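Engineer:
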Amino acid sequence: MKKVGKCYISKEYRNTPVEEAFLTLDRIFALNDNLVSVDDQSDVLKVKIEDKFFYIKRFYRHGSFLRRHIIRSRCTTEFENLKFVGSLGIPTPKIVAYKQSSLFWRLGKGKGVLISEEVTHAKNLYEISKTEPEKFSNSHWRIHLIKELANDLSLLHAKRFVHCDLNWRNLLIKEQDGKTEIYFFDMPLARRRFDFSFRHFMMKDLAMLDRYACQILRRSDRLRFFLYYLGRASLTKRDKQLAKRIRRYNSKKNKIKI
Ligand SMILES: Nc1ncnc2c1ncn2[C@@H]1O[C@H](COP(=O)(O)OP(=O)(O)OP(=O)(O)O)[C@@H](O)[C@H]1O
Ligand SMILES: [Mg+2]
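Each residue of the sequence shown is one higher than the one before, starting from 3 at the first, in this note's numbering.
1) Can you name the start and end residues of the beta strand (DSSP E) that N126 belongs to?
2) Whole angstroms are fine: how far does the CA of A215 sit from the CA of K59?
3) Excluding the 5 residues preceding and the 5 following P19 in the sequence, name in chain order all residues of the same chain whose CB lies nearer than 8 Å to its CB.
4) Tell me, please, which residues DSSP counts as bridged to L47.
5) Should N172 be counted as a contact of ligand 2 given a C-beta to heavy atom distance under 7 Å?
6) Nearest-angstrom Cα distance between M210 and R29?
7) Sort out for me which residues DSSP pairs L116 with in a bridge.
8) Of the choices S103, D45, D167, Y57, whose alpha-carbon is the least far from that of I97?
9) Throw me the rounded Cβ distance for the R193 and T79 pair, which I believe falls under 8 Å.
10) Using a Cβ-Cβ cutoff of less than 8 Å, which residues in the same chain neighbour N172 once the five nearest sequence positions on both sides are dropped?
11) Decide if the stretch 229–249 is in contact with the stretch 195–213; the criterion is three or more beta carbon pairs, one per stretch, under 8 Å apart.
12) Quick one: grab the DSSP three-state call for R162.
13) Could you check whether Y100 and F81 sit closer than 8 Å to each other, using their CB atoms as the reference points?
14) Note down the Cα distance separating R16 from L25, rounded to an integer number of angstroms.
15) Here's a check: name, in chain order, each residue in its chain whose Cβ is nearer than 6 Å to the Cβ of F163, leaving out the five neighbours to either side.
16) Name the two residues that bound the continuous beta strand (DSSP E) containing L174.
17) Hey, could you find the ends of the beta strand (DSSP E) E183 is sitting in?
18) With a cut-off of 8 Å on the beta carbons, I'd call V115 and L27 a contact; round off their distance for me.
19) Does the Cβ of K5 have 16 or more other Cβ atoms within 10 Å, making it buried, or fewer, making it exposed?
20) Going by other Cβ atoms of all chains shown within 10 Å of its Cβ, with 16 needed for buried, is F228 buried or exposed?
21) Given the structure, does D188 come close to ligand 2, in the sense that its CB is under 7 Å from one of the ligand's heavy atoms?
22) So, R220 versus N252, is the Cβ gap smaller than 8 Å?
23) Which first and last residues belong to the alpha helix (DSSP H) in which K206 is found?
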């Protein structure tokens, strides 16, 4: 990958057709096949190189002036967050390459890309709820998922890491050889918070998950998730207050957005 601005390529892809395909930002931004998702700041493409699929997240701007120059760009933040979450033993898509335009270009709009290997045999949780709703009737599968998710989120929060966009589309469920694993990804807004704002964002992560869960899961399963997350057999007065804050926060969101 041509070294202009910040750049990383995983060792196993150096000097391979994959590096060649993603050599420059211009080359990556010229791709227009298989658009998976798009919004005003980024889009996601799925591309195939030598029988392997890759997801390319292209950031068109690095966010506000403040974010670009004082904080970190969304692209850099997502790259570092994936590494951090992975370092805790929580599954994340494997990063293939990351590249961000140089400081000079960042003075303008700025561009960045983050390329990950496809997590095979995986679908996001929202998609599963729509295309395979019967899975949720399988108590073994459902409880395993609830437990894993609660444990992972509890660990992230114990490290004071908040995701900030924890909707069901941003959890990939990989099912292979009878094993079900949850992958965390899409976290350009996530960060570790050591100040008083942590409790608010921690509550927001729980609320975002529950906003859609309340349409799919039984109350007893949502309570089970909360207890696993808290690592307790029953709720304390403080836990009940947190649950109340989550309910109040979600009821303020008049339009249901997962
Ligand atoms: N490495 C990957 N392996 C498998 N699927 C992936 C991978 N990366 C992204 N996807 C799929 O592409 C979708 C969009 O990716 P991502 O969430 O990063 O983009 P987004 O623009 O934030 O989309 P959304 O608004 O739907 O959250 C994901 O929901 C997931 O289904
Ligand atoms: Mg997403």
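For each residue, glycine too, the CB sits at the ideal point set by N, CA and C.
All values reported here derive from a predicted model rather than from experimental measurement.
Structural biologist: On the basis of the data shown:
1) Residue numbering aside, residue 126 sits at position 124 when the sequence shown is read from its first letter. For N126, the enclosing beta strand (DSSP E) begins and ends at 124–126.
2) Looking up residue 59 in the sequence shown gives position 57. Looking up residue 215 in the sequence shown gives position 213. Here the alpha carbons of A215 and K59 stand approximately 27 Å from one another.
3) For the purposes of this step, residue 19 is identified with residue 17 of the sequence shown, where counting begins at 1. So the list reads I51, E52, once near-sequence residues are dropped.
4) Locating residue 47 in the sequence shown gives position 45, where the first residue counts as 1. L47 pairs with L37, I58.
5) In the sequence shown, counting from the first residue as 1, residue 172 sits at position 170. Distances between the C-beta of N172 and the heavy atoms of ligand 2 include at least one below 7 Å.
6) Residue mapping note: residue 210 aligns to position 208 of the sequence shown, counting from 1. Residue mapping note: residue 29 aligns to position 27 of the sequence shown, counting from 1. Looking at the backbone, the Cα of M210 and that of R29 are separated by about 36 Å.
7) Along the sequence shown, one-based indexing puts residue 116 at 114. The secondary-structure analysis by DSSP pairs L116 across a beta bridge with K59, Y100.
8) As a working note, residue 97 is residue 95 in the sequence shown. Ranking S103, D45, D167, Y57 by CA distance to the CA of I97 puts Y57 first.
9) Your numbering for residue 193 matches position 191 in the sequence shown. Your numbering for residue 79 matches position 77 in the sequence shown. Right, their Cβ atoms sit about 7 Å apart.
10) As a first step, residue 172 must be located in the sequence shown, where it is residue number 170. Counting only residues of its own chain and dropping the five nearest sequence neighbours on each side, N172 has a CB closer than 8 Å to the CB of N126, H165, F186, F187, D188, M189.
11) Segments in contact, yes.
12) Within the sequence shown, the letter at position 160 stands for residue 162. DSSP places R162 in the coil class of the three-state scheme, outside both helix and strand.
13) Here residue 81 corresponds to residue number 79 of the sequence shown, with the count starting at 1. Here residue 100 corresponds to residue number 98 of the sequence shown, with the count starting at 1. Yes, the Cβ-Cβ distance between F81 and Y100 is below 8 Å.
14) As a working mapping, residue 16 is identified with position 14 in the sequence shown. As a working mapping, residue 25 is identified with position 23 in the sequence shown. Rounded to whole angstroms, R16 and L25 show a C-alpha spacing of 11 Å.
15) Counted from its first residue, the sequence shown places residue 163 at position 161. Excluding residues within five positions, the ones whose Cβ falls inside 6 Å are R194.
16) Here residue 174 corresponds to residue number 172 of the sequence shown, with the count starting at 1. Per DSSP, L174 belongs to the beta strand (DSSP E) from 173–178.
17) Start at 1 with the first residue of the sequence shown, and residue 183 comes out as number 181. 181–186 is the extent of the beta strand (DSSP E) around E183.
18) Position 113 of the sequence shown, counted from the first residue, corresponds to residue 115. Position 25 of the sequence shown, counted from the first residue, corresponds to residue 27. Taking C-beta atoms under 8 Å as the contact rule, V115 and L27 qualify, at a distance of about 7 Å.
19) Residue numbering aside, residue 5 sits at position 3 when the sequence shown is read from its first letter. Summary for K5: the model assigns pLDDT 49, below 50, so the residue's position carries little reliability; its value from the coordinates is reported in the next sentence. Classification for K5: exposed.
20) As a position in the sequence shown, residue 228 is number 226, starting the count at 1. Buried is the call here.
21) Here residue 188 is taken as the residue at index 186 of the sequence shown, counted from 1. A heavy atom of ligand 2 is found nearer than 7 Å to the CB of D188.
22) Walking along the sequence shown from the start, residue 220 turns up at place 218. Walking along the sequence shown from the start, residue 252 turns up at place 250. Not in contact: R220 and N252 (Cβ atoms no closer than 8 Å).
23) Taking the first residue of the sequence shown as position 1, residue 206 is located at position 204. 200–218 is the extent of the alpha helix (DSSP H) around K206.
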